[in-house]
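A short worksheet on the structure shown next.
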Amino acid sequence: MTPYDILKSPLWLAEIASPAKSFAANPILGNRRLNERGLHRARVEIAARMAEARRKRLAHRVDAADRAAYDRDGFLVKENFLAPEAFKRLRAEVFGRTFPAREMRQGRTVTRMVPLPASLLASMPATREVVESPFLRAAMHYMSSRAGEPTFFIQTVLAEAQGRKPDPQTDLHADTFHSTVKCWLFLDDVGPDDGPFRFVPGSHRLTEARLKWEYEQSLHALETGGHTALGSFRVKEAELSALGFGDPVAVTVPANTLVIADTFAFHGRTPSPKPTVRVEINGNLRRNPFLPWTGLDPLALPGIRFNQMTLNMAWADFRERRLGKRNVWRDVGETAADGPVRV
17 MTPYDILKSP LWLAEIASPA KSFAANPILG NRRLNERGLH RARVEIAARM AEARRKRLAH
77 RVDAADRAAY DRDGFLVKEN FLAPEAFKRL RAEVFGRTFP AREMRQGRTV TRMVPLPASL
137 LASMPATREV VESPFLRAAM HYMSSRAGEP TFFIQTVLAE AQGRKPDPQT DLHADTFHST
197 VKCWLFLDDV GPDDGPFRFV PGSHRLTEAR LKWEYEQSLH ALETGGHTAL GSFRVKEAEL
257 SALGFGDPVA VTVPANTLVI ADTFAFHGRT PSPKPTVRVE INGNLRRNPF LPWTGLDPLA
317 LPGIRFNQMT LNMAWADFRE RRLGKRNVWR DVGETAADGP VRV
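This is the structure in C-alpha cells:
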C-alpha cells in the first residue's frame with residue numbers, strides 16, 4: 017500500500033455509504049473478496065429497501081395511475097405534455113440561436129449539452145416553466161425516491177450511422193446500483209430509425225434473480241472493464257428472460273412527449289441506421305441512496321439551484337488543468353442546439 021493509498025483509504029471507506037459506484041476507482045468497492053462476501057449485494061439490497069421506504073412518503077404527491085404505471089413498468093410516457101402554444105414557445109427559445117455548449121463523443125454518437133443556469137433561464141420563460149413543472153418534479157421525486165433539485169440541460173444526440181466504434185450507450189445497461197431518474201422532453205418526433213430510447217419494462221424492481229445477477233457481476237466487474245468496471249453494468253438481451261424480464265421496448269414518440277424513467281432499470285439507445293439529430297430537454301436526479309430523509313438537498317440552495325451543471329463543468333475543467341484528469345465534456349463554444357458536430 018502506497019502513502020497515497022493510506023491517505024485515500026478513509027475516503028474509499030466512506031464511499032461505501034455513498035452513491036459511489038466505480039469498482040475501478042475505489043479498491044474497496046472493487047475488492048473481489050469483499051464482493052464474494054456480499055459487499056455489492058448488500059449495497060444494492062439496502063439501497064432498494066431505503067428507496068421503498070422513502071417512496072412511500074412521497075406517494076401522495078403523484079397521481080395513483082402514474083404510481084401504478086411506474087410500479088409496473090419503471091417509466092412514464094406523457095404525450096402532449098405542454099399545451100400547443102407553450103410547446104411552440106419552448107421550441108422558439110431553443111432553436112434559431114446559439115448557446116455555450118459542451119460535447120462528448122462516444123463512438124459514433126456525440127452528445128451535446130447546453131447547461132441551463134439561472135442567468136440563461138431568466139431569458140427563457142417557457143423553458144423555465146418546464147424545469148419548474150410541479151408534475152415533473154413530483155414524478156422525478158417519487159421515482160428516484162428522493163425529493164431534491166434535478167439537474168436540467170438541453171441535450172442533443174447526434175448519431176452517425178457508420179464509422180468509428182459503436183456507441184456504448186446502445187448496450188442495455190443500468191446506470192448505477194440504485195434507483196435514479198432521468199427525463200426527456202422531446203422537441204422533435206422520435207421514430208424507430210431515430211435512435212429511440214429503449215427500456216426493459218419492470219427491470220427497475222429488485223427481484224431475487226436481479227440481486228443474484230448483481231452479485232455475479234460484481235465478482236467480475238474489474239475483469240470485464242469498460243463501463244461495467246465503472247459501475248454501470250451491461251446486460252445481454254439473451255439474459256433478460258432468465259432474469260424474468262421481457263424484451264426491451266423502443267419508446268418511439270411524437271414531439272412534445274415527456275418520458276421519465278428509473279435508470280436502475282435496463283435501458284439504452286436503439287442503434288440508428290442513419291445519421292440522426294435529436295434535441296430534448298433532459299433532466300436527472302441522483303442522490304445518496306443511503307440517507308433516510310427525502311429533502312435537505314444542498315443543490316436547492318440559492319446560488320447553486322439551476323447552476324449545478326455550470327459548477328460541475330468548472331470543477332471538471334479545473335481538475336483537467338491542475339490534475340491532468342481529462343474532462344470528457346469538451347467546450348465547443350457557441351453553437352446551435354441542432355448544429356453540426358464539433359468534436
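By the working numbering, the letter at position 170 of the sequence shown is numbered 186, and the numbering carries on one by one without gaps.
Even for Gly, the Cβ is constructed at its ideal location relative to N, Cα and C.
None of the values given here were measured: they were computed from a predicted structure.
If distances are taken between C-alpha atoms only, which option among the options comes closest to residue i?
i, options, result
"T292", "Y20, V78, G355", "G355"
"F249", "S257, Q122, A281", "A281"
"E232", "V251, R214, R221, G242", "V251"
"F111", "N304, S195, T351, V359", "T351"
"F169", "A154, S139, L132", "L132"
"V267", "Y86, A69, L92, R88", "L92"
"S161", "G262, R57, H76", "H76"
"L45", "D263, Q171, G247", "G247"
"S149", "Q171, D87, A102", "A102"
"R144", "R128, P166, Y158", "P166"
"A225", "E255, T240, D79", "E255"
"D89", "T172, R121, A108, A277", "A277"
"L152", "M120, D209, K198, D204", "K198"
With H, G and I counted as helix, E and B as strand and the rest as coil, what does DSSP make of residue i?
i, result
"H283", "strand"
"P208", "coil"
"R214", "strand"
"I32", "helix"
"D347", "strand"
"Q122", "strand"
"M156", "helix"
"P141", "helix"
"V269", "strand"
"F334", "helix"
"H189", "strand"
"A99", "coil"
Buried or exposed, going by whether 16 or more other CB atoms sit within 10 Å of the CB of residue i?
i, result
"T18", "exposed"
"K181", "exposed"
"A117", "buried"
"T114", "exposed"
"S288", "buried"
"K290", "exposed"
"F215", "buried"
"W345", "buried"
"K37", "buried"
"A210", "Checking the sequence shown, residue 210 turns out to be Asp, not Ala. Buried."
"L27", "exposed"
With a threshold of 7 Å on Cβ separation, who are the neighbours of residue i within its own chain once the five nearest residues in sequence on each side are excluded?
i, result
"L201", "F97, V146, L274, E296, I297"
"A63", "F193, H194, P305, F306"
"G207", "T268"
Checking the sheet assignment: what are the DSSP bridge partners for residue i?
i, result
"G299", "F168, C199"
"K94", "L274"
"R128", "E119, T172"
"T292", "A175"
"T114", "A352"
Please return the same chain residues whose Cβ sits closer than 8 Å to the Cβ of residue i, not counting the five positions on each side in sequence.
i, result
"R48", "L235, L238"
"L137", "T143, R144, V147, F322"
"E61", "L222, L227"
Ordered along the chain, which non-local residues of its own chain (more than five positions away) have a Cβ less than 6 Å from that of residue i?
i, result
"T125", "A175, D183"
"T186", "G284, R285, P287"
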